[in-house]
Structure formats: structure tokens, C-alpha cells
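In what follows, a structure is listed as C-alpha cells, so that the remarks can point back to it.
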Amino acid sequence: VELQPMDTVALLSAGSGTGLRKQAGTVFRRDYGVNLAPLSYLGEDADPEGAAFDLRTDKGALAAARALDDMESVAGVVFIIDDVLEAKLKNAEDVSSLLKGFFTVLKTFVDSSARKFATCLFRSNSSCGLSRVLFEGILGMFLSAAHEFSSVQFRCVRLDQSSDLRDAIRGSLDRSQKVLEMTYRNDSVYTRHGHAAASSFVGSSTVPLGKDDVVVFSGGAYGITPALARSLTPFGCKMVFLGLEAEEA
Numbered sequence: 001v002e003l004q005p006m007d008t009v010a011l012l013s014a015g016s017g018t019g020l021r022k023q024a025g026t027v028f029r030r031d032y033g034v035n036l037a038p039l040s041y042l043g044e045d046a047d048p049e050g051a052a053f054d055l056r057t058d059k060g061a062l063a064a065a066r067a068l069d070d071m072e073s074v075a076g077v078v079f080i081i082d083d084v085l086e087a088k089l090k091n092a093e094d095v096s097s098l099l100k101g102f103f104t105v106l107k108t109f110v111d112s113s114a115r116k117f118a119t120c121l122f123r124s125n126s127s128c129g130l131s132r133v134l135f136e137g138i139l140g141m142f143l144s145a146a147h148e149f150s151s152v153q154f155r156c157v158r159l160d161q162s163s164d165l166r167d168a169i170r171g172s173l174d175r176s177q178k179v180l181e182m183t184y185r186n187d188s189v190y191t192r193h194g195h196a197a198a199s200s201f202v203g204s205s206t207v208p209l210g211k212d213d214v215v216v217f218s219g220g221a222y223g224i225t226p227a228l229a230r231s232l233t234p235f236g237c238k239m240v241f242l243g244l245e246a247e248e249a
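By our numbering, the letter at position 211 of the sequence shown is numbered 211, and the numbering carries on one by one without gaps.
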């Protein structure tokens, strides 16, 4: 991804005090010379470095999307998930609401003519907490968006505490690799790419789904959608819901 000094990169994190946001901002500013637009997406405290919005609410998500739309030359958005967020997430409803808010922001970004890349940086000491669920939801969202917007680089990056963030960001912007997910662990890099594959049910009584597959439901989580989702539960696949929420989801 070619970044120019006039480009803007929006950094979205749980709060202004997140170390990962500051570190990522330093890399983007020093290595790529871009303008930074820090945003806090939980809206619990004022952000001295940028704007604060509560993306768990429709009002906050729409306000954040408008703020992004008002910025000039937004070339990239970076969703940051770290232990600060893990400590603030209360339940699965928070995860669902944040995913809906992230989708609103991402939709505004991909409608921009300056769009170049969308990245999710995930670093947490917890391997199975709510922040991990949120990361998997963004991964599914990026997988779907990558097929629709081929000109935009979508990358989900998992980091451990010893990862070199500078190398990870450089790798996430490398368009020569057709990967969607990058995992940095113990000084090694593991990658995974996504591709579209038609499902065939001829001659088979089962759906070829497993724990590594992601199913994205668009249009909310009510009506027939919950029934379809429950029918896929035995396969162990991940499910992401985009759109309006419902009490029965």
C-alpha cells in the first residue's frame, strides 16, 4: 500500500491511554509520514488526543461515521483491540454492539475515494476472552469486504507481547501477499488467506463447515436468521451478524 504525506490514518481504540494505539501511531507517523486521526470507540472518557464516540450505540456509531466522512484523504482505518478493551467489555452484547458500530464506520470508509487499507491490530494476554470474539468478528467482516472491495487491503494482525509492531504494520501493508490474517508469535509469522468457494450439496447430506470457517449474516439477527444460525451451531463455525440487532439473537 502506497501512503502519501497528505493521507490520513484513523486509529480507533478503546481509549486514549492504550499503549498499542500510541505505538501504532508512532510507526505510521515516523515511517509513512501520514496524518493521524485518533478516535476512542467506547466513549467513556474524553480523549485528549482525538474524538470519543460510543460505537456500542447507533447514535455514537453514526457520529463516528460522520466524523470520518468529514476528514480529508482517509487512506486507512486501524481497529485496535488490546487488554484495555478486554477489561472494559462486560458481556457478549457489548461485542455484538461494537461489531455493529465497526461495520458502520467501515462502510463509510469503503465509500471514500481515498480508501487504501483497513487493519485490525489485536494484542491481548487473554486467548479466549471477549476481545478475542470481537477480533474473530472483525476477521469475518474483513473476509466479506475483501471480496467486494478488491482495491482495499484488509488485514487482521494478531500480536504477542514480544512482536515487533513496526514489522507487523509493514507486513499488513504488503500487497504482494494475498493473505487476510497474520499471526506474530515467538518471532515467527503465520498467515492465512481467504477465498470464495461454492458450496455443493449434491450427493452429500452435510454442510462442509468447520471451526475455521466464518459465516456472515447480513440484514440483522431476527426473523429467519436466528433459526439458520442455530442450525449451524453443531458445525462449530464462527458466525458474524451485520445489521440491526434483535433481542432473540
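Built from N, CA and C at the ideal position, the CB exists for glycine as well.
Beta-bridge partners assigned by DSSP to Thr8: Asn35 and Val74. For Arg155, the CB contacts under 6 Å within the same chain, skipping 5 residues up- and downstream, are Thr119 and Ser172 in chain order. Restricted to the region 90-117, not a single beta strand (DSSP E) segment is unbroken, complete and at least 3 residues in length. For Asp69, the closest alpha carbon among the candidates Leu89, Asp111 and Val78 is that of Asp111. Taking 8 Å as the cut-off, the Cβ atoms of Leu106 and Met71 do not count as close. A distance of 8 Å or more separates the beta carbons of Ala24 and Leu42.
The C-alpha of Arg21 lies about 12 Å from the C-alpha of Asp83. The C-beta of Ser151 has fewer than 16 other C-beta atoms within 10 Å across all chains shown, which makes the residue exposed.
Excluding sequence positions up to five before and after Asp7, its CB lies within less than 6 Å of the CB of Val34, Ser73 and Ala75, all in the same chain and listed in chain order. In the DSSP assignment, Leu159 falls within the unbroken beta strand (DSSP E) covering Gln153 to Leu159. If you compare the alpha carbons of Cys237, Leu228 and Ala146 with that of Leu209, the shortest gap goes to Cys237. Beta-bridge partners of Asp54 (DSSP): Leu42. For Glu2, no beta strand (DSSP E) encloses it, and the DSSP letter there is neither H nor E. Judged by DSSP secondary structure, Phe217 falls within the beta strand (DSSP E) whose first and last residues are Val214 to Ser218. About 12 Å separates the CB atoms of Leu89 and Gly137; that is not less than 8 Å, and the two are not in contact. In this structure, the straight-line span from the alpha carbon of Val189 to that of Arg123 is close to 14 Å. For Arg192, the closest alpha carbon among the candidates Asp213, Ala37 and Ser16 is that of Asp213. Its chain contains no residue whose beta carbon lies nearer than 6 Å to that of Arg132 once the 5 sequence neighbours on both sides are disregarded.
Under DSSP, Phe235 takes part in no beta bridge, so it has no partner. For Leu36 against Arg30, the beta-carbon gap comes to about 11 Å, at or over 8 Å, which does not count as contact. Contact between Val9 and Val95 is ruled out by a C-beta separation of about 25 Å, above the 8 Å threshold.
A straight line joining the alpha-carbon of Ile80 with that of Thr233 spans about 28 Å. Annotated three-state conformation of Leu242 is strand, per DSSP. For Ser188, no alpha helix (DSSP H) run applies; the uninterrupted beta strand (DSSP E) run containing it begins and ends at Ser188 to Arg192, by DSSP.
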